[in-house]
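To start, the structure itself, in structure tokens.
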Amino acid sequence: MTPAGAARPPRIPLLARITTPDGARLTVRALSRQEPQAPVVVLLPAMGMSARNYTPLARALHAQGLTVVTTDLRGHGESLPRPRRGVRFGYREIVEQDIGAVLREVQAAFPEAPRLLLGHSLGGQLGLVHCGVFQPPVAGVVLVASGSAWYRCFGPLEGVRRLLLGQLCAVGAMVLGHWPGERLGFAGRESARLIRDWARQVRTGRYRVRGGCADYERMLRTVRMPVLAVDVEGDDLAPPRAVDHLCAKTPHADVVRWSLTRAGASGKPLGHFRWIRHHTGLVERIAAWAFQVTGADAADTACR
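The UniProt record's numbering puts the first residue of the sequence shown at 1, with every later residue one more than the last.
Right, here's the structure in full:
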């Protein structure tokens with residue numbers, strides 16, 4: 001999904017093409033720093049968003065001294081296969097195959113650099129779950145506009161609306177064989193199984209998948225790494241209460257909460273997607289936190 005009116009930015013240089021054990025194909029791109037020990041931020045998109053939409057953000061983070069790696073969530077952008085009837089994947093495949101495969105490529109490409117995940121919305125949720133399940137060698141996780149989809153995080157009236165919407169989406173996706181979000185105005189073209197997993201989390205507040213290798217909720221409680229969790233002013237899809245509910249699933253993590261406000265973003269309008277372009281103040285905060293938790297020297301990398 002490309003935000004309305006947004007021009008398609010030029011592509012970030014290719015780093016690798018990956019084929020997962022079940023045959024999915026992922027493309028990994030990187031804006032690399034010359035310094036081999038510059039922290040690497042791996043950016044995981046929101047549901048329905050192409051990694052290419054994050055190019056302005058990636059370039060801004062790169063200017064702050066970070067190597068930035070982008071990839072699409074399965075089924076979007078440059079990744080294959082596309083969601084359709086008979087193509088079955090959901091949270092489990094992204095958590096248990098895709099994120100780990102990308103991190104292994106990043107580790108091989110930047111062996112001297114500390115690595116962090118930066119997830120937007122669903123990308124942040126599943127990135128955090130991956131860290132709980134697999135304890136990968138990453139120095140921390142940044143969550144931006146990323147919160148639990150549980151309906152009780154949205155107040156009584158809006159919560160009920162979201163509960164009903166979630167279950168209707170799941171039924172519609174099951175009947176159609178996929179979710180045609182690009183036509184219906186919610187998310188993108190999604191796998192029916194992914195929409196079912198999302199609807200279950202809307203209903204129960206818990207991350208549960210069929211056939212998963214572990215209890216995701218229990219493994220989230222084992223996360224002990226630093227987490228920077230950012231809520232965004234005007235974000236009605238991940239309000240502060242939803243961000244707090246997600247963070248509460250990691251009671252042993254070193255969580256730092258921060259809010260991106262319109263005033264802090266030079267007065268630019270914000271929301272669940274607008275912050276990607278109106279990121280003044282945010283990229284500086286992320287970079288400062290990344291250098292802090294990794295122990296890297298920002299003076300050796302920024303603005304070169």
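For every residue, glycine included, the Cβ atom is placed at its ideal position computed from N, Cα and C.
Query	Result
Please report how far the alpha carbon of Met49 lies from the alpha carbon of Ser79, in whole angstroms.	12 Å
If you measure between the beta carbons of Gly127 and Leu117, is that distance less than 7 Å?	yes
Which of the three DSSP states, helix, strand or coil, is assigned to Val138?	coil
If you drop the 5 nearest sequence neighbours on each side, which residues of the same chain put their C-beta closer than 6 Å to that of Ala214?	Val133
Are the Cβ atoms of Gly181 and Ala187 separated by less than 7 Å?	yes
Let's see if you can read the secondary structure: which residues bound the alpha helix (DSSP H) around Ala16?	First-last for Ala16: 14–19, but that is the beta strand (DSSP E), not the alpha helix (DSSP H).
Across the region 43–62 and the region 282–294, are there enough close Cβ pairs to call them in contact, namely three or more that are closer than 8 Å?	yes
Please go through the region 40–127 and give each complete alpha helix (DSSP H) segment of 4 or more residues, from N-terminal end onward.	55–63, 99–109
In chain order, what are the residue ranges of uninterrupted alpha helix (DSSP H) at least 4 long that sit wholly in the region 236–275?	240–248
Jot down the residue ranges of each uninterrupted beta strand (DSSP E) in the region 169–207, minimum 3 residues, whole runs only, in chain order.	178–180, 189–191
Does the region 96–105 come close enough to the region 19–30 that 3 or more CB-CB pairs lie under 8 Å?	yes
With distances taken Cα to Cα, identify the nearest neighbour of Glu93 among Ala229, Val175, Thr19.	Thr19
Going by C-alpha to C-alpha distance, which of Arg82, Leu15, Trp258, Leu176 sits closest to Ala145?	Trp258
On the DSSP bridge list, what partners appear for Thr27?	Arg17
Could you pull the DSSP bridge partners for Val144 from this structure?	His120, Val230
Taking just the CA atoms, how far does Pro226 sit from Asp254?	5 Å
My guess is that Val223 and Cys153 are in contact by the Cβ rule of under 8 Å, so how many angstroms apart are they, rounded?	Contact flag wrong, Cβ pair sits at about 20 Å.
Would you tell me roughly how many angstroms separate the C-alpha atoms of Arg218 and Arg162, rounded to the nearest one?	25 Å
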